[in-house]
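Worksheet for the structure shown next.
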Amino acid sequence: MSLPPVPAIAAVLFCAALFVLLFQYLFPRPAPWRLAAAVVVASGICTYLLSIILRHMLGTGPERFSDLTTIPAAFSFAVVHVGLPEEAAKVIATLVALALFWRRVTPAQAFQASLFSAVGFAIVENQGYATAFGQHAMLVALGRGFLATFTHSLLAMIFGLFLMRFAAHGWRRWHLLILGYLAAAGCHALYDTGLLPILAETMRAMRTGNLENVNVAIIVGAVPFVIGGIVLVLVAGLWSLRHAIRRAACDDLIVTEAHHQAVVRRWRWSGTILLPLGVLGLAGAIAWGVFAEPPQSGKPDLGSALVVAFGFAGGIFAMILGWVMRQKR
């Protein structure tokens with residue numbers, strides 16, 4: 006497996022470290038660092054093995070997406086080749102690591118373990134994408150380092166809520182794990198269903214060297230599914246996170262201590278600052294996309310498109326992150 010340049014790898018690891026710190030200190034108490042490290046490493050190994058299996062089954066070229074221009078075909082592909090296997094890799098890594106600590110793990114720490122698994126998965130996936138984009142590896146590493154890691158974390162929050170209940174019930178109600186896995190895999194598949202036809206049609210047009218050949222009907226038809234999938238994952242994931250944090254705070258006396266309350270106020274103040282900054286970033290990305298000069302040649306300017314896409318998504322990400330930081334308990 007080829008690797009992206011060292012700066013891009015460093016960017017991926019830097020983003021992953023920030024997410025681990027966020028998930029550690031967003032809760033009243035951090036999980037044991039040995040548990041966090043074990044989950045991240047286990048998830049990275051499971052993800053790497055999964056990538057080998059999927060590469061053997063599907064190949065590596067863009068032609069594997071060529072037939073996914075309809076919603077039914079995209080949904081079928083997303084369920085079988087994305088949602089079920091990718092969420093299985095995260096679930097297996099989480100459970101394997103928890104097996105080493107389960108006698109001392111609290112329900113809140115079980116939820117956090119699910120989030121650490123998402124970070125480990127994203128590390129392997131993000132460096133793979135950075136490799137594919139060559140000269141734009143650094144931009145892709147940073148963009149996906151924040152956005153893709155956050156998306157995988159949202160899906161992990163859905164499973165994590167079921168895992169938290171499983172731990173709270175004495176690690177006995179195994180049906181909760183199955184329901185949580187299916188819920189996360191289903192949301193993952195629905196999230197990708199609208200994106201795959203757009204990706205397939207865009208890649209087909211780029212191979213011809215002219216984006217004017219894009220079938221607009223396919224793009225427009227997929228947009229409602231894109232919006233629906235994103236909203237579903239956002240709402241389900243953030244609701245699960247909010248519920249888990251508040252449940253953890255109810256069971257921990259540390260939340261009544263004056264020092265801890267001061268820390269909570271600083272987190273909430275920081276989140277309040279991030280909200281308007283996200284709005285400004287989103288406005289700047291829109292302005293860039295509207296007023297930037299189009300490329301002189303017929304070929305699309307990939308670098309400019311990535312800047313607009315990551316700027317737009319980054320502004321929204323900053324606003325969501327501000328809300329998340331305000332959930333600190």
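Under this note's numbering, the sequence shown is numbered contiguously, ending at residue 334. Glycine included, C-beta positions come from ideal geometry on N, C-alpha and C. Predicted model only: the values in this text are computed from it and were never measured.
1) Return the chain-ordered list of same chain residues with a C-beta closer than 8 Å to the C-beta of VAL231, the five sequence neighbours on each side being excluded.
2) Can you give me the Cβ contacts of GLN332 inside the same chain, cut-off strictly under 6 Å, excluding the 5 residues immediately before and after it?
3) Tell me, to the nearest whole angstrom, how far the beta carbon of VAL124 is from that of ALA43; I am working on the premise that it is less than 8 Å.
4) Measure the CB-CB distance between GLY133 and SER56 and report whether it falls below 8 Å.
5) Please confirm if the region 72–83 is in contact with the region 13–29, defined as three or more CB-CB distances below 8 Å between the two stretches.
6) If SER245 sits next to GLY165, beta carbons under 8 Å apart, how far is it from one beta carbon to the other, in whole angstroms?
7) What is the C-beta distance between ALA83 and ALA194, in whole angstroms, given that I count them as a contact (C-beta under 8 Å)?
8) From the DSSP output, in three-state form, read off VAL110 for me.
9) Cα-Cα, which of ILE325, VAL260, GLY226 is closest to VAL236?
10) Excluding the 5 residues preceding and the 5 following PHE398 in the sequence, name in chain order all residues of the same chain whose CB lies nearer than 6 Å to its CB.
11) If you drop the 5 nearest sequence neighbours on each side, which residues of the same chain put their C-beta closer than 8 Å to that of PHE322?
12) Could you check what DSSP says for GLN266 in three-state terms: helix, strand or coil?
13) Measure the Cβ-Cβ separation of ALA94 and PHE126 and say whether it is below 8 Å.
14) On the three-state DSSP scale, how would you describe ARG252?
15) Using a Cβ-Cβ cut-off of 6 Å (strictly less than) and excluding sequence neighbours within five positions of PRO35, which residues of its own chain qualify?
16) When DSSP labels each residue in this structure, what does ASN220 get in the three-state scheme?
Checking against the coordinates, here is how it stands:
1) As a working note, residue 231 is residue 226 in the sequence shown. Counting only Cβ-Cβ distances below 8 Å, and skipping sequence neighbours, we find GLY199, LEU200, ILE203.
2) Within the sequence shown, residue 332 is the residue found at index 327, counting from 1. Around GLN332: ARG247, ILE250.
3) Here the question's residue 124 lines up with position 119 in the sequence shown. Here the question's residue 43 lines up with position 38 in the sequence shown. Actually they do not touch by this definition, with Cβ atoms about 13 Å apart.
4) As a first step, residue 133 must be located in the sequence shown, where it is residue number 128. As a first step, residue 56 must be located in the sequence shown, where it is residue number 51. The answer is yes: Cβ separation under 8 Å.
5) no
6) The count along the sequence shown starts at 1 and reaches residue 245 at position 240. The count along the sequence shown starts at 1 and reaches residue 165 at position 160. About 7 Å separates the two Cβ atoms, so the contact holds.
7) One-based indexing of the sequence shown puts residue 83 at position 78. One-based indexing of the sequence shown puts residue 194 at position 189. With a Cβ gap of about 4 Å, ALA83 and ALA194 count as contacting.
8) Numbered from 1 along the sequence shown, position 105 holds the residue referred to as residue 110. Coil at VAL110, not helix or strand.
9) Counting from one through the sequence shown, the residue named residue 236 turns up at place 231. Answer by Cα proximity: ILE325.
10) Look at the range of the chain in this structure, 6 to 334, and you will see that residue 398 is not part of it.
11) By one-based count along the sequence shown, residue 322 stands at place 317. If we look at PHE322 and ignore the five residues flanking it on each side, its Cβ neighbours are PHE151, LEU152, PHE155, GLY283.
12) As a first step, residue 266 must be located in the sequence shown, where it is residue number 261. GLN266 falls in the helix class under three-state DSSP.
13) Locating residue 94 in the sequence shown gives position 89, where the first residue counts as 1. Locating residue 126 in the sequence shown gives position 121, where the first residue counts as 1. For ALA94 and PHE126, yes; Cβs fall inside 8 Å.
14) Against the sequence shown, residue 252 aligns to sequence position 247. Helix.
15) Counting from 1 along the sequence shown, the entry for residue 35 is found at position 30. Only GLN29 meet the Cβ criterion.
16) In the sequence shown, the residue the question calls residue 220 occupies position 215. Three-state DSSP puts ASN220 in coil, outside helix and strand.
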